[in-house]
Amino acid sequence: MYAENSTKACAFDSHDWNISLHGQGLIWKDYANLHRRVRQRLAAGYPDFGKILVWHCLDDEVCRGFADQLKGISTALYFALLTDRALFIQWTRYGEDMTNLVAQHTINWRLPTSSPQPCASFNMLYKGPGHSTEMGNLMRSTMNDACVSLNTNANPYLFIHHVADEMPDFGSKASAILLAVANEYLTGCAVNYLFSLAPAYRALMTHTQLNLAQGWSRAPERYVAVHLRFGDHIFRGTDDASESIIVEALQCARALGQQLLGAAPEWGIFFASDSPSARRFALTQSASLGKLVFTSSATPVHMDGEGTGLLWVALQRLGLRVAPRGQGMVWAVLGD
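See below:
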């Protein structure tokens with residue numbers, strides 16, 4: 007049930023983004039073949055390897071938070087899809103190679119040692135309205151560059167909609183993507199296509215203690231994850247944990263889980279918040295939801311702050327990540 011729905015939501019098995027486009031839009035499998043050819047030629051040292059895009063976020067760079075980084079990687083994948091480029095990722099934070107926390111899923115996005123030099127490098131962190139226009143202009147102006155290196159946290163939803171609406175030379179492909187992938191899954195499908203987060207999940211289960219609702223003895227392998235910013239002072243989250251908002255978020259998680267994971271009892275709801283009282287209250291809702299609710303007993307940390315940053319793994323090796331409007335961005339991520 008889960009595999010069928012996640013494949014359908016992302017159109018992973020589709021032979022054509024949109025039949026009315028007569029094959030003009032690259033599909034996921036076609037892109038994997040293109041990526042494989044370019045990478046093989048690049049690794050072999052051929053000067054005419056094709057075109058590549060390198061998304062980078064390195065220790066000495068400002069990249070914003072982890073969610074921004076995931077958005078940037080997702081946008082980079084769609085940028086690469088639209089321009090027939092093979093995407094590669096260079097990602098280090100606090101001395102750690104972030105790519106060691108994940109495994110490759112569909113394509114080998116690790117840059118070969120024989121990567122081309124020089125590579126035109128651009129910093130495209132969000133600066134306000136007009137950012138998608140700047141991204142579109144960059145895509146057009148670098149069309150003939152063999153290698154583009156990009157640090158961006160651009161929102162894939164805004165980027166692809168701008169391309170579809172304002173850039174007719176790329177618009178048919180962008181429209182095909184939007185027809186194939188629902189708006190709320192643009193980030194999740196990209197993350198799912200690029201990464202397997204199972205290694206990070208195993209590390210989380212090994213090193214993090216979980217609190218389970220009363221009456222349950224073990225955490226499920228599949229779950230929906232909810233993140234609310236109660237108690238998150240870095241993002242001005244209030245300490246007043248609203249029980250009605252928590253209930254609303256958990257009900258939303260249950261509904262989305264039933265849609266993508268089915269009615270089977272083997273999945274639950276992971277609840278994350280900086281507020282201990284919010285986490286305690288969420289655990290009490292398990293019986294009324296008919297689903298196991300569980301939380302982390304560890305103190306949450308931010309990717310741009312001190313600490314191990316392991317909590318985010320549970321929010322990314324997902325069934326779904328959801329948040330009600332007014333408490334943060336609403337989006338969903340499809341996991342392994």
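Heads up, the sequence shown is in the numbering used here, so the first residue is 7 and it goes up one at a time. C-beta: ideal position from N, C-alpha, C; glycine also. In this text, all values refer to a predicted model and were calculated from it rather than measured experimentally.
Asked	Found
Rounding to the nearest angstrom, what Cα-Cα distance links leucine 93 and leucine 117 in this structure?	9 angstroms
Specify, as a first and last residue, the run of the beta strand (DSSP E) that threonine 299 falls within.	Note on identity: in this sequence residue 299 is valine, with threonine being the wrong assignment. Note, valine 299: beta strand (DSSP E), 299-302.
With 16 other CB atoms within 10 Å as the buried threshold, where does valine 68 fall?	exposed
Identify every residue that forms a DSSP beta bridge with aspartate 90.	Answer is none; aspartate 90 lacks a bridge partner.
Do you know whose CA, among Asp151, Ser223, Ala196, lies nearest isoleucine 166's CA?	Ala196
Roughly how many whole angstroms lie between the Cα atoms of valine 108 and leucine 267?	23 angstroms
Do you know whose CA, among Leu48, Ala160, Thr112, lies nearest glutamine 123's CA?	Leu48
Thinking just about the alpha-carbon of each residue, which of Gln265, Thr105, Arg45, Gln75 is nearest to the one in alanine 204?	Thr105
Which residue or residues does DSSP assign as beta-bridge partners of tyrosine 229?	Gly274
In this structure, what does DSSP give as the bridge partners for threonine 81?	The partner list for threonine 81 (beta bridge, DSSP) is empty, contrary to what the question assumes.
For my contact list, tryptophan 61 and isoleucine 95 are in at a C-beta cut-off of 8 angstroms; report their separation, rounded to the angstrom.	5 angstroms
Within 10 Å of its beta-carbon, does leucine 64 have 16 or more other beta-carbons around it, so buried, or fewer, so exposed?	exposed
Suppose you measure from the CA of leucine 200 to the CA of alanine 86; what does that come to, to the nearest Å?	13 angstroms
Under a three-way DSSP split, which group does alanine 17 fall into?	coil
Do you know offhand how far leucine 156's Cα is from leucine 295's?	44 angstroms
Please list, in chain order, all residues of the same chain as threonine 148 whose beta carbon is under 6 angstroms from its beta carbon, the five residues on each side excluded.	Val154
Let me know the secondary structure DSSP gives asparagine 129 once reduced to three states.	strand
Is the beta carbon of alanine 38 closer than 8 angstroms to that of leucine 59?	no
Taking the beta strand (DSSP E) that cysteine 63 belongs to, which residues open and close that run?	58-63
Taking the beta carbon of glutamine 291 as the centre, do at least 16 other beta carbons fall within 10 Å, making it buried, or is it exposed?	buried
Apart from the five residues just before and just after serine 127, which ones in its own chain have a Cβ nearer than 6 angstroms to its Cβ?	Ser155
What's the call for tyrosine 229, buried or exposed, on a 16-neighbour Cβ count within 10 Å?	buried
Apart from the five residues just before and just after alanine 56, which ones in its own chain have a Cβ nearer than 6 angstroms to its Cβ?	Sequence check: residue 56 is glycine here, not alanine. So the qualifying residues of the chain are Val44.
The alpha helix (DSSP H) spanning cysteine 153 covers which residue range?	Per DSSP, cysteine 153 belongs to no alpha helix (DSSP H); it is in the beta strand (DSSP E), 153-158.
Could you check how far apart the C-beta atoms of isoleucine 275 and valine 299 are, in whole angstroms? I think they sit under 8 angstroms.	5 angstroms
Pull up the distance between the alpha-carbon of glutamate 249 and that of alanine 186, whole angstroms please.	37 angstroms
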